[in-house]
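Novice: Got a structure for you, questions after.
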Amino acid sequence: MTGLGALFERLGRATVKGVDEMGFAVSLFGESLFWLVMGPSRKQPVRVSAVVAQMMEIGIYAVPIITVLSSTIGVMLAIQGIYTLRWYGAESRVVMGIAMSVVREFSPLITGILVAGRSGSALAARLGTMRINQEIDALQVMGISPVRFLVVPALLAMVVMVPILTMWSNIVALGGAGLYCAGNLDMTLGVYFDQVMESIRVNDLYHGLGKSLIFGVLITLVGVVNGASVSGGAEGVGRMTTRSVVHAISAIVITDMIFVFMVTR
Amino acid sequence: MTAPAPVPADVRPIVVEVRDLVTYYGDRLILRGVSLAVREGEIMVIMGGSGSGKSTFLNALLGLLRPTSGTIEILGKDITRVKPMELQELRQSMGVAFQTGALFSSMSLAENIMLPLREHTKLDRKTMQIMARMKLEVVGLSGFEALMPAELSGGMIKRAALARAIVMDPRLLFCDEPSAGLDPVVSSQIDELLMRLRDTVGMTIIVVTHELESAFTIADRICVLDKGEIIALGTVDEVKHHPSERVQNLLNRRTEDAILDPDAYLRRLTGEAN
């Protein structure tokens, strides 16, 4: 086969695999909704304890790193904003820029990326290891749906905790930016937060939180699809875990752009 | 009063019936029209060398692999055609002990054993703990309830997997290489346990193994698989004295390719054999 032919063949195979994985992700989502709604009537409810455990892992244990990075990004935005606006003598208008960009963009994005790196990869690694150890087969032959037992608790926890973490990131990033502005613009924190509240509307908040909810779903599905596709032992787990982080972050950024394009214009 | 006469083996109901099972992996034909019936209360051992198709056959029996054609009736239901929910219900009457144990690494031994009870019954936690303790005692692991799978030896993991497989008192038990890689003492303990389950509660047991000694000890009947087809099926004596050279080669651990033609070997390696 010629070099060009081989290239097309590789491209074709990659496309088919991509479509196959997307189909798998959609069917996983559908099956998760099925178990969430129908589980209790079929005497196979989703265990609350499993959801709480996942919420702790995905949400509570991520608070320190979200706090550090969000406050840093808040300060960084303030520094850049003041530096840029000083050219036009408009540094006092920096608060509006910070408030809008944090609430609508930076908080959902940084939270999504952090959760994808922390919990999406952990989910892929856990499922991958379970797969090569035949634990998923064991669940199936025990008559326990792996989707209900493993996927739904993670999905529910993501859908609840990623928006909550985003809200926390909003507060911390705005707080960090406020401290910098207070020190540089002869502005009290009270005045800063008054300006923040004047700058953002409830819709801006919904915009950010709505995106973070979608990111939570994406991180779970990408993690599960990659974890369930593991083959080849420990090396395969490592490969798919890395792949899951790359795919989840790409999905988050691309979805963000599409969301903004559809909602903001 | 006299004890009831034992039911003759050939009139007991059929629990597993496989007809013309064909399975492909991609272009590769793995199972070539396998047919087999297993009666209630018997231990059927499926034997074969590496690549004989026995693991594929087991996966098909467990419903983990959809065959290309053929039917598999388990407890009266064709698992190649039932709906997923029906298959899930049917699986509550089946127990499986995997070769690797497949214990959940994030759960203690007791939690592993209790999992099927927790998911399929409404028993309270105390009763489930008692049942788990009883099953662990049956496999000789009482006192180890709190340990995590990573803290267990290979033999203990196999026995724990067996305890989990029988915790729901299934009618049908599948064991994948239950004594592979174990020392002779633990291996014979597992063999004895399987025979006890058959003799005391009439459990139907399907064992996949390549351990000849274990197979000859526990089997009521043996099914010998080679290159995806059954080459012998019968009692231990019938299989031991089977006239086929392929069967005898397998039993005597000889391979048909023991004396290789170097040219043919090279052609096979480079994919030019056919």
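Protein chains in written order, with the numbering used here: chain A, 32 to 296; chain B, 62 to 335. All C-beta atoms, glycine included, are put in the ideal place defined by N, C-alpha and C.
Do we get a CB-CB distance below 7 Å when we pair B:Q190 with the residues of chain A?
Specialist: No, its Cβ sits nowhere closer than 7 Å to a Cβ of chain A.
Novice: Straight-line CA distance for A:G328 to B:R225?
Specialist: Residue 328 of chain A lies beyond the stretch modelled for chain A, which goes from 32 to 296, so this question has no answer here.
Novice: Out of B:M192, B:A276, B:G162, which one is the CA nearest neighbour of B:A211?
Specialist: The candidate whose alpha carbon is nearest that of B:A211 is B:G162.
Novice: Let me know the secondary structure DSSP gives A:M24 once reduced to three states.
Specialist: Outside the shown range of chain A (32 to 296) lies residue 24 of chain A, about which nothing can therefore be said.
Novice: Along chain B, in chain order, which residues have C-beta atoms closer than 9 Å to that of A:M218?
Specialist: Result: empty, since nearest Cβ-Cβ is about 50 Å, beyond 9 Å.
Novice: Apart from the five residues on each side of it in sequence, which residues of its chain come closer than 6 Å, Cβ to Cβ, to B:A280?
Specialist: Here the set comprises I104, V106, V297.
Novice: Can you tell me where the beta strand (DSSP E) holding A:F60 begins and where it ends?
Specialist: Element bounds for A:F60: not the beta strand (DSSP E) but the alpha helix (DSSP H), 34-69.
Novice: Kindly indicate which three-state DSSP category A:G148 falls into: helix, strand or coil?
Specialist: Looking at A:G148 - three-state DSSP - the assignment turns out to be helix.
Novice: Does B:V200 get closer than 7 Å to chain A when you measure Cβ to Cβ?
Specialist: Taking Cβ atoms only, chain A never reaches closer than 7 Å to B:V200, which makes this a no.
Novice: So, helix, strand or coil for A:Q226, using DSSP?
Specialist: In this structure, A:Q226 counts as helix in the three-state DSSP scheme.
Novice: Assign A:F290 to one of three DSSP states: helix, strand, or coil.
Specialist: Residue state, collapsed to three classes: helix.
Novice: Alpha carbon to alpha carbon, how far is B:A241 from A:E136? Give it in angstroms, no decimals.
Specialist: Their backbone Cα atoms lie some 57 Å apart in a straight line.
Novice: Confirm, please, whether the CB-CB distance from B:E206 to B:A158 is below 7 Å.
Specialist: No, these two residues do not count as a Cβ contact at 7 Å.
Novice: Of all Cβ atoms in chain A, is any one closer than 7 Å to the Cβ of B:E180?
Specialist: True, the Cβ-Cβ gap to chain A drops below 7 Å.
Novice: Distance, Cα to Cα, A:V125 vs A:A204?
Specialist: If I take the Cα positions, the gap works out to 14 Å.
Novice: Would you say the beta carbon of B:L90 comes nearer than 6 Å to a heavy atom of the ligand GTP?
Specialist: By its list of ligands, the structure shown contains no ligand whatsoever, and the ligand GTP lies outside what it can speak to.
Novice: What's the gap between the Cα of B:V247 and the Cα of B:A193?
Specialist: Computed Cα separation, rounded: 21 Å.
Novice: With DSSP as the reference, identify every bridge partner of B:A98, one or two as the case may be.
Specialist: DSSP, once it has assigned bridges, lists B:E78 as partnering B:A98.
Novice: To the nearest angstrom, how far is it from the Cα of A:T103 to the Cα of A:I110?
Specialist: Computed Cα separation, rounded: 11 Å.
Novice: How many angstroms separate the CA atom of B:V352 from the CA atom of B:G156?
Specialist: Residue 352 of chain B lies beyond the stretch modelled for chain B, which goes from 62 to 335, so this question has no answer here.
Novice: By how many angstroms is the C-alpha of B:T84 removed from the C-alpha of A:S91?
Specialist: For the record, residue 91 of chain A in the displayed sequence is Ile; it is not Ser. Each residue's alpha carbon lies about 48 Å from the other.
Novice: Using DSSP with H/G/I as helix, E/B as strand and the rest coil, what is B:M62?
Specialist: Any reading at B:M62 needs caution, since the residue's pLDDT is 45, under 50, leaving its predicted position unreliable; the model's value is listed next. Coil, per DSSP.
Novice: B:S130 bridges to which residues according to DSSP?
Specialist: In the DSSP output, where bridge partners are listed per residue, B:S130 has B:V83.
Novice: Which bits of chain B does A:Q165 rub up against, with CB to CB less than 7 Å?
Specialist: What A:Q165 touches in chain B: F159, T161, A163.
Novice: Using DSSP's beta-bridge definition, name the partner residues of B:R93.
Specialist: In DSSP, B:R93 forms a bridge with B:V83.
Novice: Just mark A:V178 as buried or exposed, buried being the case when its beta carbon has 16 or more other beta carbons within 10 Å.
Specialist: Answer is buried; the Cβ neighbour count reaches 16.
Novice: Closest to A:I183 by C-alpha separation, out of A:Q85, A:M228, A:L100, A:W199, would be which residue?
Specialist: One point to set straight first is that residue 183 of chain A is Val, not Ile, in the sequence displayed. Ranking the options by Cα distance to A:V183, first place goes to A:Q85.
Novice: Locate the beta strand (DSSP E) running through B:L233, then write down its first and last residues.
Specialist: 233-237 is the extent of the beta strand (DSSP E) around B:L233.
Novice: Beta carbons nearer than 9 Å to chain B: which residues of the region 68-90 of chain A have them?
Specialist: The region 68-90 of chain A vs chain B, Cβ under 9 Å: R73, K74, Q75, R78.
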